[in-house]
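Comments concern the structure below.
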Amino acid sequence: MRQFACAATAALALSTLVTASSRAEQPDIERIEISARSIARFQIGLDQKIFGPLEFVGGLEMTSSSRNLGALSAFRFLKPGSDFIGVADTGFWYFGRIVRDSALRPTGVENFRMVQMVDATGSAIEKKWQADAEGLAVKDGIATVGFERTHRVAQYKIDPDNMAPPFGELDFLVPRNELRINRGFETVAYSAQKGSLVVVSEKSLDKSGNIFGAVLDGPGKGVFTVKRNGEFDITDGAFLPDGDLLLLERSFSMASGVKMRLRRIASETIARGQVADGPVLLEANMGYQIDNMEGLDVWQRADGALMVSLVSDDNHSILQRNLYLEFILHGD
């Protein structure tokens, strides 16, 4: 009888736990007032606007009293140049809208809010190693997110008012043992031409010192690598209309500080078994208005201009900044 009572008690406790889990409360959405200081010059102290094929349009330095603002690791526009969605590597979604002046320069951010990501039970993910979101792609109302540490590529229905648990995970093809703990998938992007989903790691290297990536579906499906050029690591990427992949790269050393670079990867080299490579379009050091540049998107302005937008991850450090930078890419 005692055994039956203990079993019944255990069953009741389990039932209560399952019920509690199924009723996990959605984390609160935090609405954040963003103070934005305009950045009119990309190269500090100079009025130069043209940098190779890129023309600097403007930028913002974003601050807030909220302790959650920061660690912005990836973003995509939901409406070109306006409404956006992003992920922070502290396990948050963020949403907002870029405000512009009559010359189409960015002047501020409005309707900004953040909410914690949730696990399969709907509970907020509290542990950094489970919520290290680094890459983001958006298509047909679905957000596809690349995570490192606990390596995975997960998919979510986009609903800013109720970001539910992921409804599935994708096979990322790269052997899991080849992915370094803190060097996982920073780039998750859809090809504008082929429609394929492509992932590229930050710095998970093969035996030749090249960076692992993969085409997850469609033409060219399979593992490829990106040639590592110098001491730069990959922090994001987005496809251009012609099918080339624009990669955002970063390097850091105590001697020279942080640098950023944009590299154009030829579309024909993004396929199974290939070593992808391409020319550098822009490189900038601490003499420019940059920080730890981690997020990238490509979009088309209403007047037809092809735009490149970047965001930085401040690592929640008082020594770093949350930046938004915007360029026109000429020649496309």
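Mapping of the sequence shown onto mature numbering (1 follows the signal peptide of the UniProt record, and there is no 0): residues -20 to -1, 1 to 312, in sequence order. Built from N, CA and C at the ideal position, the CB exists for glycine as well. The structure displayed is predicted, hence computed values, not measured ones.
| field | Residues that DSSP places opposite Ala86 in a beta bridge | value | Looking at the sequence itself, residue 86 is Pro, so the reference to Ala does not match. Its beta-bridge partners are Arg80.
| In the structure shown, what three-state DSSP assignment does Gln110 receive? | Correct three-state label for Gln110: helix.
| field | Ser44 in three-state terms, based on DSSP | value | DSSP places Ser44 in coil when its eight states are reduced to three.
| Proximal residues to Arg93 (C-beta, below 8 Å), its chain only, five neighbours per side dropped | Within its own chain, the residues whose Cβ lies closer than 8 Å to the Cβ of Arg93, once the five positions on either side in sequence are excluded, are Ile9, Glu10, Arg11, Ile12, Tyr74, Phe75, Gly76, Pro140, listed in chain order.
| task | Give me the Cα-Cα distance between Thr43 and Gly200, rounded to the nearest whole angstrom. | result | Taking the straight line from one Cα to the other gives about 42 Å.
| task | Quick one: using the 10 Å Cβ neighbour count with 16 as the cut-off for buried, is Lys137 buried or exposed? | result | Classification of Lys137: exposed, given that the 10 Å Cβ count is below 16.
| request: Could you pull the start and end residues of the beta strand (DSSP E) that Gln28 belongs to? | output: Run containing Gln28: none; DSSP gives neither H nor E here.
| query | Does DSSP classify Arg93 as helix, strand or coil? | reply | Reduced to three states, the DSSP call for Arg93 is strand.
| query | Thinking just about the alpha-carbon of each residue, which of Asn91, Glu128, Pro86, Phe204 is nearest to the one in Gln254? | reply | In this structure, Phe204 is the residue among Asn91, Glu128, Pro86, Phe204 with its C-alpha nearest to the C-alpha of Gln254.
| said: Can you tell me which residues form a DSSP beta bridge with Ile214? | reply: Bridge partners of Ile214: Glu229.
| Contact the stretch 170 to 189 vs the stretch 106 to 126: 3+ CB pairs below 8 Å | Segments in contact, yes.
| query | Over what stretch of residues does the beta strand (DSSP E) that includes Thr205 continue unbroken? | reply | For Thr205, the uninterrupted beta strand (DSSP E) run begins and ends at 202 to 206, by DSSP.
| For Phe36, the nearest candidate out of Lys59, Leu84, Thr70 (CA to CA) | Relative to Phe36, the option among Lys59, Leu84, Thr70 whose CA is nearest is Leu84.
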